[in-house]
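Okay, so here's the structure we're looking at.
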Amino acid sequence: MFITLEGPEGSGKSMQIRDLADFVREQGFEVLTTREPGGTFIGDQIREVIMRMDNTMMHPNTEILLFCAARAQIVTEVIRPNLEKGVVVISDRYGDSTLAYQGYGHGLDLQILKDILKFATGGLKPDLTLLLDLEVDEGLKRKIKGGSEWNRLDAQKVEFHKRVRAGYKEMALAEPERWKVINASNEPQKVQQDIRAVILKKLESIKR
Ligand code: TYD
């Protein structure tokens, strides 16, 4: 089973994923967590290029192709082989980030992005996607307060992040069987509880 976590900046995905992985293991499944961009030797090098603060001249098309290049690598090297072994793979971001940030955020053509994504992933889609949703201002505040690394993409205008959030919500509404929206403005423990409830239901559907 392939599960992805998506959300705007500061939604707490990375922290929640760690607890979620423990929970899924307790249910008797083998679990692998990954993150994008990166997660492979080659992908981590691509991540450096994408995130560098001084790469301000990067063209949006270059950015898309770099995200998708890192994704092509992690899908073939890590995600598919593990799914084939029956491992539950949980990824911190995946293709929907490209649609949200490059598509809704930067206004690039969604259909073209979907075609590029299909090429990069060989059509691999998540079985379940959790949207950790919260107000943009709240998320950016948390990110600054948490002292986490500030990258070139975080430095976009607030309006950009608002379009990203709206894009996520639109995608979640359009495909409700795959997407589940979690209110990430709650206390972390409550967020984890809500995530676990959704995941448990999904895992039960595949348990023998
Ligand atoms: P990261 O430091 O991993 O932050 P986060 O904890 O928010 O995931 O940075 C990833 C950044 O890259 C984040 O701003 C979202 C952005 N991004 C895209 O714009 N497109 C993509 O396809 C992906 C995977 C990420």
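Going by our numbering, the sequence shown opens with residue 26, and the numbers climb by one from there. Ideal placement from N, C-alpha and C gives every residue a C-beta, glycine not left out. In this text, all values refer to a predicted model and were calculated from it rather than measured experimentally.
Review point. Using the C-alpha atoms, what's the distance from residue 143 back to residue 149?
Key: Computed Cα separation, rounded: 8 Å.
Review point. Under the criterion of a Cβ to heavy atom distance below 7 Å, does residue 61 qualify as lining the ligand TYD?
Key: For the ligand TYD, at least one heavy atom lies less than 7 Å from the Cβ of residue 61.
Check your understanding: Comparing the CB of residue 184 with every heavy atom of the ligand TYD, is any distance shorter than 7 Å?
Key -> no
**Study point:** residue 27 burial status per 10 Å Cβ neighbour count (16 or more: buried)
**Key:** buried
Check your understanding: If you measure from the CB of residue 116, is any heavy atom of the ligand TYD nearer than 7 Å?
Key -> Because no heavy atom of the ligand TYD lies under 7 Å away, the Cβ of residue 116 does not count as near it: no.
Review point. Whole-angstrom Cβ separation of residue 14 and residue 216, contact assumed at under 8 Å?
Key: Nothing in the structure corresponds to residue 14, since the chain is present only between 26 and 233.
**Study point:** Bridge partner(s) assigned by DSSP for residue 31
**Key:** 156
Review point. I think residue 95 touches residue 63, with their Cβ atoms under 8 Å apart; what is that distance to the nearest whole Å?
Key: 6 Å
Check your understanding: Are residue 35 and residue 193 close, meaning C-beta to C-beta below 8 Å?
Key -> no
Check your understanding: Where residue 124 and residue 135 are concerned, what is the direct C-alpha to C-alpha distance, given to the nearest angstrom?
Key -> Between residue 124 and residue 135, the C-alpha separation is close to 7 Å.
**Study point:** Span separating the alpha-carbon of residue 145 from that of residue 89
**Key:** 11 Å
Check your understanding: Quick one: is the Cβ of residue 39 within less than 7 Å of any heavy atom of the ligand TYD?
Key -> yes
Exercise for review: Please work out which residues of its chain come closer than 8 Å, Cβ to Cβ, to residue 152, disregarding the five sequence neighbours upstream and downstream, and give them in chain order.
Suggested key: 26, 27, 28, 203 and 227
Check your understanding: Does the beta carbon of residue 92 fall short of 7 Å from some heavy atom of the ligand TYD?
Key -> yes
Exercise for review: Would you mind working out which of 91, 44 and 81 sits nearest residue 67, comparing C-alpha positions?
Suggested key: 91
**Study point:** C-alpha distance - residue 109 paired with residue 201, whole-angstrom precision
**Key:** Near 26 Å, if we compare the C-alpha coordinates of residue 201 and residue 109.
**Study point:** Integer-rounded CB distance, given that residue 224 should sit under 8 Å from residue 56
**Key:** Going by Cβ atoms, the distance from residue 56 to residue 224 rounds to 11 Å, so no, they are not a contact pair.
Review point. My guess is that residue 243 and residue 30 are in contact by the Cβ rule of under 8 Å, so how many angstroms apart are they, rounded?
Key: Lying outside 26 to 233, the shown extent of the chain, residue 243 is not represented and no answer is given.
**Study point:** residue 85 versus residue 208: straight-line alpha-carbon distance, rounded
**Key:** 30 Å
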